[in-house]
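Numbering (this note's numbering), first residue to last: 98 to 496.
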């Protein structure tokens, strides 16, 4: 009944130059005239979903107004003052796009923050289950959306089958690494190929567009160490914000330089030199954390005002102290045929030390852009018939 009331119009009226709608659940929506006219989706005006649009803002008068209103089969029909144009809006479309503060907050995704205690009941999914069922696939991706990661079983151990897990998430992003095998190599210029422990970190912070969803697939584990570790970066910066708000604020504003020189070892003989100069914590329009870019090993000489150098180092020291706290860390000794999906713009990953052996430890790593992951998620929600307003998802570190 609540869902029906939400989309049932009790009364609609012209309000000022625009529209006011009272809903059966007690909510009242107000719509500006220019917003309604610009979003008309009649055959002439088109739809932003395809970008085949005939309406242009310069064609809409500043004083555009509704001159008549009719309710037809539960939909709203409006006639406009400028050229007698007529527009129709379904009740569901109007409610799902109501832009009052309460409705916008309802549509916005809120991540589930976690610490090391999640190790007792982490999000889990089966690759074969996700391949067999759209609902299971959706549940897998929703776990990544909500928690930032999901542990995966039934992962193939043949490199030629690695595309199966990647394609569950979306099309693979092609970076200079491609699909990279973390393993013993004759010459090492990637820290992932070493056997020493790795502190929690975000990958490729030197890119202007940091990689999104990371796909780990264990082909052959180490028999002595090499377990994967994860830390929720959103929980870490929440703690920083609570304890030292001035340091949190600094790291959302001051650009931190990151470099990466690849002498062609990992990029098919082509040298690469990447550099970014961006804050390590990203806030969205509402002031909520949407992404983190934290990798201590990739911090280059700070290129900032002299009076900010020591405060910035203080803030960085504090956030890394939080990130390295064992209380926040979860450890997964992944076996052959297991994998991880995680949001590289939220969840920091690392690894415990291991002893090199023969045959060597071998893990495939690849990535899918965050917007491609979101696309897959939205399409699955639509395909399984999920009846909900369009969710506003975190845009990560998007510049």
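Heads up, the beta-carbon is just placed ideally off N, CA and C, and yes, glycines get one too.
Exercise. To the nearest angstrom, report how far apart residue 427 and residue 446 are at their CA atoms.
Key: Along the chain shown, read from residue 1 onward, the residue named residue 427 stands at position 330. Along the chain shown, read from residue 1 onward, the residue named residue 446 stands at position 349. The straight-line gap from Cα to Cα measures roughly 10 Å.
Quiz item: Which residue from 245, 104 and 133 puts its Cα closest to that of residue 215?
Solution: Numbered from 1 along the chain shown, position 118 holds the residue referred to as residue 215. Taking only the C-alpha atoms, the option nearest residue 215 is 245.
Practice problem: State the DSSP-derived secondary structure class of residue 140, mapped to helix, strand or coil. | Solution: Locating residue 140 in the chain shown gives position 43, counting from the first residue. In the structure shown, residue 140 sits in coil (DSSP, three-state: anything other than H, G, I, E or B).
Exercise. Give the secondary structure of residue 285 by DSSP, where H, G and I count as helix, E and B as strand, and everything else as coil.
Key: For the purposes of this step, residue 285 is taken as the residue at position 188 of the chain shown. Residue confidence is low: residue 285 scores 45 on pLDDT, short of 50, so the model does not pin down where it sits. No coordinate-derived value is stated.
Quiz prompt | Alpha-carbon to alpha-carbon, residue 148 and residue 439 | solution = As a working note, residue 439 is residue 342 in the chain shown. As a working note, residue 148 is residue 51 in the chain shown. Taking the straight line from one Cα to the other gives about 32 Å.
Practice problem: In angstroms with no decimal places, state the Cα-to-Cα distance between residue 356 and residue 301. | Solution: Position 259 of the chain shown, counted from the start, is the residue given in the question as residue 356. Position 204 of the chain shown, counted from the start, is the residue given in the question as residue 301. Each residue's alpha carbon lies about 9 Å from the other.
Quiz item: Contact between the stretch 105–125 and the stretch 186–203: three or more CB pairs below 8 Å?
Solution: Using a C-beta cut-off of 8 Å, the stretch 105–125 makes contact with the stretch 186–203, since at least three inter-stretch Cβ pairs fall below that distance.
Quiz prompt | Validate contact between the stretch 417–437 and the stretch 247–262 using beta carbons, cut 8 Å, 3 pairs | solution = Yes: the two stretches touch, three or more of their Cβ pairs being nearer than 8 Å.
Quiz item: Hey, which unbroken runs of the alpha helix (DSSP H) at 4 residues or more fall wholly within the stretch 153–234?
Solution: List check, alpha helix (DSSP H) in window: 188–193, 198–204 and 224–229.
Exercise. Would you check if the distance between the CB atom of residue 331 and the CB atom of residue 443 is smaller than 8 Å?
Key: Position 234 of the chain shown, counting from 1, holds the residue named residue 331. Position 346 of the chain shown, counting from 1, holds the residue named residue 443. Contact: yes.
Quiz item: Nearest-angstrom Cα distance between residue 310 and residue 133?
Solution: Sequence index remark: in the chain shown, residue 310 carries index 213 (1-based). Sequence index remark: in the chain shown, residue 133 carries index 36 (1-based). Rounded to the nearest angstrom, the gap between the Cα atoms of residue 310 and residue 133 is 36 Å.
Practice problem: Output the boundary residues of the beta strand (DSSP E) element that contains residue 344. | Solution: By one-based count along the chain shown, residue 344 stands at place 247. Run containing residue 344: none in the beta strand (DSSP E); it sits in the alpha helix (DSSP H), 342–348.
Quiz item: Going by C-alpha distance, which of 199, 333, 299 and 319 is nearest residue 420?
Solution: Walking along the chain shown from the start, residue 420 turns up at place 323. Among 199, 333, 299 and 319, the Cα nearest to that of residue 420 is on 333.
Practice problem: Please name the residue in 398, 483 and 469 whose C-alpha comes closest to that of residue 493. | Solution: Translated into the one-based positions of the chain shown, residue 493 becomes position 396. Answer by Cα proximity: 469.
Quiz item: Between the stretch 469–483 and the stretch 228–240, do three or more beta carbon pairs fall short of 8 Å?
Solution: With a cut-off of 8 Å, the stretch 228–240 and the stretch 469–483 count as touching, because enough Cβ pairs lie within range.
Quiz prompt | Helix, strand or coil at residue 472 according to DSSP, with G and I counted as helix | solution = For the purposes of this step, residue 472 is taken as residue 375 along the chain shown, with counting starting at 1. Residue state, collapsed to three classes: helix.
Quiz item: Since residue 114 and residue 488 are thought to touch, with beta carbons under 8 Å apart, how far apart are those beta carbons, to the nearest angstrom?
Solution: Translated into positions along the chain shown, residue 114 becomes position 17. Translated into positions along the chain shown, residue 488 becomes position 391. With 8 Å as the limit, residue 114 and residue 488 do not qualify as a contact, their Cβ atoms being about 31 Å apart.
Practice problem: Would you kindly report the start and end of the unbroken beta strand (DSSP E) that includes residue 451? | Solution: If you number the chain shown from 1, residue 451 lands on position 354. Run containing residue 451: none; DSSP gives neither H nor E here.
Quiz item: residue 247 bridges to which residues according to DSSP?
Solution: Counting from 1 along the chain shown, the entry for residue 247 is found at position 150. DSSP output for residue 247 lists 438 as bridge partner(s).
Quiz item: Does the Cβ of residue 390 have 16 or more other Cβ atoms within 10 Å, making it buried, or fewer, making it exposed?
Solution: The residue you call residue 390 lines up with position 293 of the chain shown. So residue 390 counts as buried.
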